[in-house]
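Asks:
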Amino acid sequence: MAQQQNTTRTLRVIGGDGPVIDAVERVTGQAKYTGDLELPGMLVARVLRSPHAHARIAGIDTSRAEALPGVKAVVTHKDAAKVPIWGNRQRALNEQVRFAGEAVAAIAAVDEETAAKALPLIDVKYEVLPFVLDPEKALEPGAPQLFADGNLEGQPRVLIRGDVERGLAECDRVIERVYHTPTMWSGSMEPRAAIAQWEGNKLTVWASTQAPCRVQTNLTGQFNLPDSQVRVIASYVGGGFGTKSAAHVDETIAALLSRKARRPVKLQYSREEEILDSNTRFETRVYVKVGVKRDMTLHAMDVKAYINQGAYHVRLGGLGNQATHIYRIPHLRTVQYRVHTNVPNTGPTRGVGDPQETFAIDSALDEMAVEMGWDPVEFRLKNVKRNGDPIARGGSGAEDGRLVAQVTDRCLEEGAARIDWSRRSTLPGGGQTGPRARGLGVAVTERGNGGGLAGASVTVNLDGSVVVFYASTDIGTGSRTTLSMIAAETLGVPLASVRAVAGDTEVAPYDGGSYGNRTLYSTGRAVEAAARDCLDDILATAAPMLKASPAEVELGDAVVRVKADASRSLPLRDVMQRRGRSVVGDGSVTQSQAETNVERAAGAHFVEVEVDRETGKIRILRYVSAHDVGQPINVTVVENQIEGGTIQGLALTQAEELRFDARDGRCLNASFLDLKPPTMLDFDARRIEPIVIANIGEQGPYGAKGLGENPCHAGMAAVANAVYNAVGIRLRRVPFTRAEVLRALAEQRPASSRTA
Amino acid sequence: MADEDRDHSDLSVTRRAFLKGGALATGALSSTLIPTPADAQLPVATESDPRRSVVEMTVNGVAYRKEVPNRTTLLQFLREHLTLTGAKMGCDRAQCGACTVVVNGRNVYSCTTLAVEATGAEVLTIEGLAKGDALHPIQQAFIQHSGFQCGFCTSGQIMTTKAFLDRVPRPTEDEARRAMSGNLCRCAAYKRILESVMTASRLMQA
Amino acid sequence: MHNFAYIRPTTLRDAAAQLGKEHGKVMLLAGGTDLLGEMKDDLRVPEKLVAIRQLRELQGIRPGRGGLRIGAATLLSDIAESAPVREQAPLLAMAAETVGTPQIRNMATIGGNLCQRPRCWYYRNNYPCFKHGGSVCYSVTGENEYHAILEGGPSYIVHPSDTAPALVALGATVRISTGGRERGVPIEKFFVGPRQDPARENILQPNEILTEIEVPSAPAGSKAVYVKEMVREVWDFALCSVAAMVTTSGGIVGDARIVLGGVAPFPYRALKAEAVLKGRRLDEAAAAAAGAAAVDGARPLSKNAYKVPLTQAVVTRALLSLA
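Chains as they are written, first to last, in this note's numbering: chain A, 57 to 812; chain B, 34 to 239; chain C, 2 to 324.
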């Protein structure tokens, strides 16, 4: 691993590797996930779901269900507050249901069997409404309307730089293509679960969430309570990948039932419920017009995208980073229509819209390189933004910031060298005979780091041990470990003396949560600030004990010593015991909007595939994922993220598409067997090679950057490009099923036989 | 599960009391023996309700006897009746592997095994792997290689590894990959899981 | 899952005595890998389960007349690893090894594998289709990417079993018992097509138990292979599969048995492909001709045309691997 040594301090803890600090809990079954918790008197909840893609509930009679012995509470839309779930158009339970699988009512009973028996006893009269699944059709006149104000969410998002019409006219070559990604599953191993308990007017919710504070904010709104009366706890979370990054209906439904039943209630989603009623990865249809000049400069790009938001999702959605942030494009226009349809709700999923956008943009650029006879790596190197280039600070097109600490070029160069890009044939197939042909492909991606309000506190106990409190979560990204490492490094204590308490809103200050490359980057800065706060206090306490001023002493290896005279020292433990009071440090930070220096994190993916022309099978022979990670905090965690994220990106090429029946709008394949997430045999993980580019940033803790999202961005584009290089077919729709590949090969055959 | 509405007569007995009764010997777990049908115990239907049965099984060396509804899966039995929550419910359809436990030496999906069918069986779960504070070599290997991220699938991965290495102590990587193919890891820590299995094999030889 | 009465008889006679005259009320539970999922999804709501997985009379792999006798409740993992099976009917071992995962094979029985229900999404989502006693196959104008290209209609399910094509190729016989009466049926006759009965996939009556499979030893000079194409590398049902057994003498094909899985409502014997090979040297041209003949008559639906070239390629390659 290449490590750039531009830091002046010697790091003792940060930059190391090794297992996460809660590894023992995770390998012994002791780690308690939400579904593992039992409270005295706890009831079991089940949800009745709509069989219709779109319907109004004309009547709902719960009396027969309520009369069943063992049923303790039934709730319907009449019980739910007329307040949308945070970041959504959806209430906890709605009078008009907008996708098949939406919650209609819920039951709390003494056991699962009773709850299951009671569900069909709820009489629902549906007034079935026409439905629409396709985002473009949903905008046509006469399309079924999901909302009174139409199917379009807000205004189209328009971003304009330069003059795209003029720019395209100035180009030597323009191509126009459309790329399609369907609604896809993007969930985790642990299905959603929530437990609610009321003590008087105080609500406690244990939830499988990435963002306890967002869940708390939602619940305060749903029940009109102050923050102090709502506690949300997410200790161990079995993965999230964005699907648990916001508040969801399940926590509110559990709390409604619990309030009515006056007992704790556990709502554990089944796998099918998790697939249908969590966040799905939104469908995109992206129309791209790309124009270049003969000198290989990217001159103009016109992007029109239809984003299928599903039934309710409001916040985020859409594309954002690839066209605007990676390449220098003087004339750029992106127009995005965020459209509501009757497919299950979408929301953030790993990479949000970046994998979809990377697929479109980096496929289009590859098609252009082929048209012009350019090397795809050279073409990208010529056009990627470099340090000092103007760049948009926020989501607008205005390039009001300056790019710093960017290494897109290095990612491309190191990745190309690793996979031996020079051997790539410029002709599709490269004269390979026989049914199987190999090809190489590349795609570039990037993303910003974290953001929003982050908070943490650090306590140094009387014995010198340290606890980090943060209300964000460790969803498998190792944040307990990396945040503890930041505290240990900052304070000057060994990692073994630090423990982290994650995901409890009552013991830690507000923090947005664990999503969007932000836990390490944003919460990490809060931890660093809190630890520094502690350190100042400790040094001020210890200085008089050592007959020195605070500026003259330092803390290292859990010993406070006089810098100029190491013989004058006191173990931290002694300092703390003589002090007689714990030290509490607070850290709250927001990403500064005033910052004009913009640092982002780049990545470049290279893949060698083998395509079987007769069976349509695409095999990944080798995959190189080069990522700028800033200062790696824990190298093991970093590599694990890159390897896993890369496979999740590849998974989108293989399957994971939700399929709907066109006649009734129901999802037909909401199971693992049918969605087919990768097994150990699917992509040989031994052939996935992470390249960790340690590129110390300016703004993150110790120069670290966020990484969680990026590795899953580029798989679809890189594989599509490699497939073209192998056999000359252009795949513009994922997943790359046998049906898609064999159809494309069949269409190609007459054309190639003509040229032959 | 304190619940006045759930009248499950709890027939569990402590290991000592049960052994005193001499009904069932528990010893070192047999890793390869599958009981022949003649040896297998039969679950006893309760007299009052044919839809409930008394099941007896040994879990992590401790004998249990409990009356349950017949619909109870082994996973529910472990998690809800014995409060052994290491095995996870990821799909409840034999499609993910998070619920994997070892029954009579074989790794199976406990979500799709009825508790009544496991009557007379020896069941090993993640909770039974470590000896006190001493982690099992497989657990050590998973820590050494960080063979997980979120940890939700990890109990199942480790129990599959256990059943596999007991039968194939020195596997090739390809054998190990096939053996592990019934356990999804959505975090996709597959490279590290494979390394963990191979290292565990070496540690178990030592 | 609704609750049910559960009985674990100790003899075949006792087990059979529990069975009724009606499908679905009293059901046999073997490995449960399919049935329990169906019950959880309310596709089946039996009142009573008769557990036969550990029934002594249904266990084990024994030598039989000219081959092997395999108890219907024998686990797939035992079959895949069995030395006698690997020696005398390697095709069956190969097929068994492609089923599901190690855990599935540790739970599922050969009898259950033969009697499992289709994986059609409409069936599994409880649409009132032929399989649920209705009179529609929803796949015809719906999502049919995984459906039948051969012998479909009025139902277009594909038979999901991997061991079935292997056993058909091997010319196995299944033994069926009512407890008192017993009969042997050539396995090809065990499966029924949708034109015969669109609701069911085999001839078993509600009071019958599949007890044993008689597998003749593969003939001398024969070679066999099972090839299965899936979306995933594993843990998947076949997009298409082929069980092929070719017997040659002096380089000339004397007998060929080619059976397809995943493309028809029952294990489909590609008789035309078999005929193409007989009397010929098994070379590239012969394999290609047989591959083409195997999909002769295929009538794909709107979304599964890819299965035609796929099946053709898989058959061709399977045969070539035997050359």
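Even for Gly, the Cβ is constructed at its ideal location relative to N, Cα and C.
Give me the subset of the stretch 277-290 of chain C whose CB atoms are less than 8 Å from a CB atom of chain A, sorted by chain position.
Replies: From the stretch 277-290 of chain C, no residue has a Cβ closer than 8 Å to chain A.
Asks: With DSSP as the reference, label S291 of chain A as helix, strand or coil.
Replies: Looking at S291 of chain A - three-state DSSP - the assignment turns out to be coil, as it is neither helix nor strand.
Asks: Determine, for E246 of chain A, whether the minimum Cβ-Cβ distance to residues of chain B falls below 7 Å.
Replies: By this cut-off, E246 of chain A is an interface position.
Asks: State the Cα-Cα distance for the pair D283 of chain A and R318 of chain A, rounded to the nearest angstrom.
Replies: Their Cα atoms are separated by approximately 21 Å.
Asks: What residues of chain A sit near T187 of chain B, judged by a beta carbon separation below 7 Å?
Replies: Under the 7 Å cutoff, chain A gives R82, V83.
Asks: Could you name the residues of the same chain whose beta carbon sits closer than 7 Å to that of G252 of chain C, not counting the 5 residues immediately before and after it, in chain order?
Replies: Counting only Cβ-Cβ distances below 7 Å, and skipping sequence neighbours, we find R282.
Asks: For F792 of chain A, which residues in the same chain have their Cβ closer than 8 Å to its Cβ, ignoring the five residues on either side in sequence?
Replies: Here the set comprises I674, T709, Q710, V775, A776, V779.
Asks: Would you check if the distance between the CB atom of G471 of chain A and the CB atom of A682 of chain A is smaller than 7 Å?
Replies: Yes.
Asks: At least one CB of chain B closer than 7 Å to the CB of I475 of chain A: is that the case?
Replies: By this cut-off, I475 of chain A is not an interface position.
Asks: Cβ of E48 of chain C less than 7 Å from any chain A Cβ?
Replies: Not one chain A Cβ lies under 7 Å of E48 of chain C.
Asks: Near A319 of chain C, which residues of its chain fall below 7 Å by C-beta distance, leaving aside the five closest residues on each side in sequence?
Replies: The residues are V226, V228, V243, A245.
Asks: Under 8 Å Cβ-Cβ, which residues of chain A neighbour L205 of chain C?
Replies: Result: empty, since nearest Cβ-Cβ is about 25 Å, beyond 8 Å.
Asks: If you draw a straight line from the C-alpha of S419 of chain A to the C-alpha of A750 of chain A, how long is it?
Replies: If I take the Cα positions, the gap works out to 28 Å.
Asks: Give me the Cβ distance between P195 of chain C and P266 of chain C, rounded to the nearest whole Å; I'm assuming they're in contact under 8 Å.
Replies: About 5 Å separates the two Cβ atoms, so the contact holds.
Asks: Should F5 of chain C be flagged as near chain B, meaning a C-beta pair shorter than 7 Å?
Replies: At least one chain B Cβ lies under 7 Å of F5 of chain C.
Asks: Between the stretch 205-222 of chain C and the stretch 65-80 of chain C, can you find at least three pairs of beta-carbon atoms closer than 8 Å?
Replies: Judged by Cβ distances under 8 Å, the stretch 65-80 of chain C makes contact with the stretch 205-222 of chain C, as three or more pairs qualify.
Asks: Alpha carbons only, please: which of A:G504, A:R805, A:E209 is nearest the one belonging to N364 of chain A?
Replies: Of A:G504, A:R805, A:E209, the residue nearest in Cα terms is A:E209.
Asks: Can you grab the Cα-Cα spacing for the pair Q285 of chain A / I251 of chain A, in whole Å?
Replies: Computed Cα separation, rounded: 16 Å.
Asks: Identify whether F191 of chain C lies in helix, strand or coil by the three-state DSSP scheme.
Replies: Reduced to three states, the DSSP call for F191 of chain C is helix.
Asks: Quick check on DSSP: helix, strand or coil for E160 of chain B?
Replies: It is helical.
Asks: Name, please, each residue of chain C whose Cβ falls closer than 8 Å to the Cβ of L157 of chain B.
Replies: The contacting residues do not exist; L157 of chain B stays about 14 Å from chain C at best.
Asks: Relative to the C-alpha of D261 of chain C, which residue among C:S250, C:A294, C:T248 is closest?
Replies: The amino acid at residue 261 of chain C is misidentified as Asp; the sequence shows Leu. Of the listed residues, the one whose Cα sits closest to L261 of chain C is C:A294.
Asks: Using DSSP with H/G/I as helix, E/B as strand and the rest coil, what is T106 of chain B?
Replies: If DSSP states are grouped into helix, strand and coil, T106 of chain B belongs with the strands.
Asks: Would you be able to state if there are at least three C-beta pairs under 8 Å between the stretch 79-89 of chain A and the stretch 135-144 of chain A?
Replies: Taking 8 Å as the limit for Cβ pairs, the verdict is that the stretch 79-89 of chain A does not touch the stretch 135-144 of chain A.
Asks: Quick one: which residues of the stretch 218-236 of chain B get their C-beta closer than 8 Å to a C-beta of chain A? List them in chain order.
Replies: Listed by position, the residues of the stretch 218-236 of chain B near chain A (Cβ gap below 8 Å) are C218, R219, C220, A221, A222, Y223, K224, R225, I226, L227.
Asks: Report the neighbours of D237 of chain C on chain A: residues whose CB is nearer than 8 Å to its CB, in chain order.
Replies: The answer, in chain order, is L729, K732.
Asks: Tell me the residue span of the beta strand (DSSP E) that contains W262 of chain A.
Replies: Looking at the DSSP string, the run of the beta strand (DSSP E) that includes W262 of chain A is 258-263.
Asks: For P310 of chain C, count neighbouring Cβ atoms within 10 angstroms of its own Cβ and tell me buried if that reaches 16, exposed if not.
Replies: Flag for P310 of chain C reads buried.
Asks: With the cut-off set at 7 Å, would you say P386 of chain A and G218 of chain A are in Cβ contact?
Replies: Yes, Cβ-Cβ distance for P386 of chain A and G218 of chain A is below 7 Å.
Asks: Since T501 of chain A and T380 of chain A are thought to touch, with beta carbons under 8 Å apart, how far apart are those beta carbons, to the nearest angstrom?
Replies: Not confirmed; about 13 Å, so no contact.
Asks: DSSP three-state label for K360 of chain A, please.
Replies: If DSSP states are grouped into helix, strand and coil, K360 of chain A belongs with the strands.
Asks: Answer with buried or exposed for E754 of chain A, where buried requires no fewer than 16 other C-beta atoms within 10 angstroms of its C-beta.
Replies: By the neighbour-count rule (16 or more Cβ atoms within 10 Å), E754 of chain A is not buried but exposed.
Asks: May I ask which residues mark the beginning and end of the beta strand (DSSP E) holding E230 of chain C?
Replies: Per DSSP, E230 of chain C belongs to the beta strand (DSSP E) from 223-230.
Asks: Quick one, which of A:A543, A:G450, A:D456 has its alpha-carbon nearest G641 of chain A's?
Replies: Of the candidates A:A543, A:G450, A:D456, the one whose C-alpha sits nearest the C-alpha of G641 of chain A is A:A543.
Asks: Can you look up A6 of chain C in the DSSP assignment and give me helix, strand or coil?
Replies: In the structure shown, A6 of chain C sits in a strand (DSSP, three-state: E or B).
Asks: So, under 8 Å CB-CB, V156 of chain B and N107 of chain C are touching, yes? Tell me the CB distance rounded to an integer number of Å.
Replies: The pair is not a contact, with the Cβ atoms about 13 Å apart (cut-off 8 Å).
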